[in-house]
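Engineer:
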Amino acid sequence: MPPWWWERKAPAELLLAPSGQDMAAQQLVPCTYAPREWRRALLGPGSWDRCMDRTQIISWFVRSFKYAYGLRFDIKGRENLEVDRPCVIISNHQSILDMMGLMEILPQRCVQIAKRELLFLGPVGLVMYLGGVFFINRQRSSTALTVMADLGERMVEENLKVWIYPEGTRNDNGDLLPFKKGAFHLAVQAQVPIVPVVYSSFSSFYNLKTKLFTSGTIKVQVLDAVPTSGLTVADVPKLMDTCYHAMRSTFFHLSRTPQENGAIEGPAVQPAQ
7 MPPWWWERKA PAELLLAPSG QDMAAQQLVP CTYAPREWRR ALLGPGSWDR CMDRTQIISW
67 FVRSFKYAYG LRFDIKGREN LEVDRPCVII SNHQSILDMM GLMEILPQRC VQIAKRELLF
127 LGPVGLVMYL GGVFFINRQR SSTALTVMAD LGERMVEENL KVWIYPEGTR NDNGDLLPFK
187 KGAFHLAVQA QVPIVPVVYS SFSSFYNLKT KLFTSGTIKV QVLDAVPTSG LTVADVPKLM
247 DTCYHAMRST FFHLSRTPQE NGAIEGPAVQ PAQ
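Reading the sequence shown from the start, the letters are residues 7 to 279 in our numbering.
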């Protein structure tokens, strides 16, 4: 089935955060979201390690779709993800094809953060659940700080990498949306580095609105880690801007070359929010 079938199953409006509310002000619900007795039945003892094992299986399954869709991935900087340390990984988010790119470079002991609505998308939600995804519950912001603190502690204690889409929603307008602050608050709180990942534009071979989909090459660049050691909450805006402008510049560079990815002219730089 074409990738836009999955896009319809996960409409963009489900991914939008409420106005004025960013990821730092939302509750995170880990793969232990279901009632405890359900978790035990599904995952059994040692559920976290089992989540990691299942993630590798799911990675193989998702990656197999690239052959059916005729997609090629040109990856540079993969070694920046293979360092054995906890970190926050951030990437731009254009469409469901991002999931294939993510699985191409998914490092060991890495979990993702997604909107809670995705948990209820049938088989897709179940796969994400079993894969150890952390779901964001937008309805319970009162406990957000406690949950974020818990996630930060678990990252360090269990040597986890956390993958977040800082734009907060899918975006295929040929540019990056302003970033939300949640990923940067998490990295500063845990004092772990941020590793930016950039995908080139899909526009020359994939367009949801026109149902365009042909074979193509997706360039993926893993940038050098951005340290957060010694930073505080007051440094979050500057940290966010640094990552935003580095990723935006890389996005335009990757999307101009090679030729099959099209030439995209970026508008004037917009500040991250």
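Cβ atoms here follow ideal geometry from the backbone N, Cα and C, with glycine treated the same way.
Between the beta-carbon of L103 and the beta-carbon of F208, is there less than 8 angstroms?
Structural biologist: The sequence position of residue 103 within the sequence shown is 97, counting from 1. The sequence position of residue 208 within the sequence shown is 202, counting from 1. Taking 8 angstroms as the cut-off, the beta carbon of L103 is found closer than this to the beta carbon of F208.
Engineer: For T223, tell me which candidate among Y205, V239, V201 has the shortest Cα-Cα distance.
Structural biologist: Within the sequence shown, residue 223 is the residue found at index 217, counting from 1. Minimum Cα distance to T223 is reached at Y205.
Engineer: If you reduce the DSSP assignment to three classes, tell me which class V198 lands in.
Structural biologist: Translated into the one-based positions of the sequence shown, residue 198 becomes position 192. Residue state, collapsed to three classes: coil.
Engineer: Is the segment 232-250 touching the segment 112-132, taking contact as three or more C-beta pairs under 8 angstroms?
Structural biologist: no
Engineer: Hey, how far is the Cα of P283 from the Cα of K167?
Structural biologist: Residue 283 lies beyond the range of the chain shown here (7 to 279); nothing can be said about it.
Engineer: Per DSSP, V94 is paired with what?
Structural biologist: Within the sequence shown, numbered from 1, the residue matching residue 94 stands at position 88. The secondary-structure analysis by DSSP pairs V94 across a beta bridge with V168, I200.
Engineer: Using a threshold of 8 angstroms, state whether the C-beta atoms of S201 and A231 are closer than that.
Structural biologist: Locating residue 201 in the sequence shown gives position 195, counting from the first residue. Locating residue 231 in the sequence shown gives position 225, counting from the first residue. The amino acid at residue 201 is misidentified as Ser; the sequence shows Val. Yes, the pair counts as a contact, with Cβ atoms nearer than the cut-off.
Engineer: Would you kindly work out how many angstroms separate the C-alpha atoms of V35 and R160, rounded to a whole number?
Structural biologist: Taking the first residue of the sequence shown as 1, we reach residue 35 at position 29. Taking the first residue of the sequence shown as 1, we reach residue 160 at position 154. Any reading at V35 is ruled out, since the residue's pLDDT is 41, under 50, leaving its predicted position unreliable.
Engineer: Is DSSP giving G107 helix, strand or coil here?
Structural biologist: Counting from 1 along the sequence shown, the entry for residue 107 is found at position 101. If DSSP states are grouped into helix, strand and coil, G107 belongs with the helices.
Engineer: Going by Cα to Cα distance, which pick from V198, S255, D241, P243 is closest to A91?
Structural biologist: For this step, residue 91 is matched to residue 85 along the sequence shown. First, the amino acid is wrong: residue 91 is Arg here, not Ala. Minimum Cα distance to R91 is reached at V198.
Engineer: Excluding the 5 residues flanking G83 on each side, which residues of the same chain have their C-beta closer than 6 angstroms to its C-beta?
Structural biologist: For the purposes of this step, residue 83 is taken as residue 77 along the sequence shown, with counting starting at 1. Here G83 has Q227, V228 as same chain residues with Cβ atoms under 6 angstroms from its own Cβ, once five neighbours each way along the sequence are excluded.
Engineer: Beta carbon of M253, beta carbon of N98: below 8 angstroms?
Structural biologist: Looking up residue 253 in the sequence shown gives position 247. Looking up residue 98 in the sequence shown gives position 92. Closer than 8 angstroms, so yes.
Engineer: Can you list, in chain order, the residues of its chain whose CB lies under 6 angstroms from that of F190, leaving out five sequence neighbours each side?
Structural biologist: Reading the sequence shown from its first residue, position 184 is the one you call residue 190. Answer for F190: V242, L245, M246, listed in chain order.
Engineer: First and last residue of the beta strand (DSSP E) that includes A231?
Structural biologist: Position 225 of the sequence shown, counting from 1, holds the residue named residue 231. Neither: A231 is in no beta strand (DSSP E) and is coded neither H nor E.
Engineer: Relative to the C-alpha of S78, which candidate in E164, L157, M109, E85 has its C-alpha closest?
Structural biologist: Here the question's residue 78 lines up with position 72 in the sequence shown. Residue identity check: residue 78 is Arg in the sequence provided, not Ser. Of E164, L157, M109, E85, the residue nearest in Cα terms is M109.
Engineer: Using the beta-carbon count (16 or more within 10 Å), is L132 buried or exposed?
Structural biologist: As a working mapping, residue 132 is identified with position 126 in the sequence shown. Counting Cβ neighbours within 10 Å, L132 comes out exposed, since fewer than 16 surround it.
Engineer: Along the chain, where does the alpha helix (DSSP H) that runs through D247 open and close?
Structural biologist: In the sequence shown, residue 247 corresponds to position 241, counting from 1. In the DSSP assignment, D247 falls within the alpha helix (DSSP H) that extends over 242-262.
Engineer: Taking the beta carbon of V203 as the centre, do at least 16 other beta carbons fall within 10 Å, making it buried, or is it exposed?
Structural biologist: The residue you call residue 203 lines up with position 197 of the sequence shown. By the neighbour-count rule (16 or more Cβ atoms within 10 Å), V203 is buried.
Engineer: To the nearest angstrom, how far is it from the Cα of N165 to the Cα of P233?
Structural biologist: Position 159 of the sequence shown, counted from the first residue, corresponds to residue 165. Position 227 of the sequence shown, counted from the first residue, corresponds to residue 233. N165 and P233 have their alpha carbons spaced roughly 16 angstroms apart.
Engineer: According to DSSP, is F141 helix, strand or coil?
Structural biologist: Start at 1 with the first residue of the sequence shown, and residue 141 comes out as number 135. F141 falls in the strand class under three-state DSSP.
Engineer: Drop a sphere of 10 angstroms on the beta-carbon of V94, count the other beta-carbons inside from all chains shown, and report buried for 16 or more, exposed for fewer.
Structural biologist: Mapped onto the sequence shown, residue 94 falls at position 88. When all chains shown are included, V94 counts as buried.
Engineer: Measuring alpha carbon to alpha carbon, tell me which of A196, T175, G180 ends up nearest K186.
Structural biologist: In the sequence shown, the residue the question calls residue 186 occupies position 180. Of the candidates A196, T175, G180, the one whose C-alpha sits nearest the C-alpha of K186 is T175.
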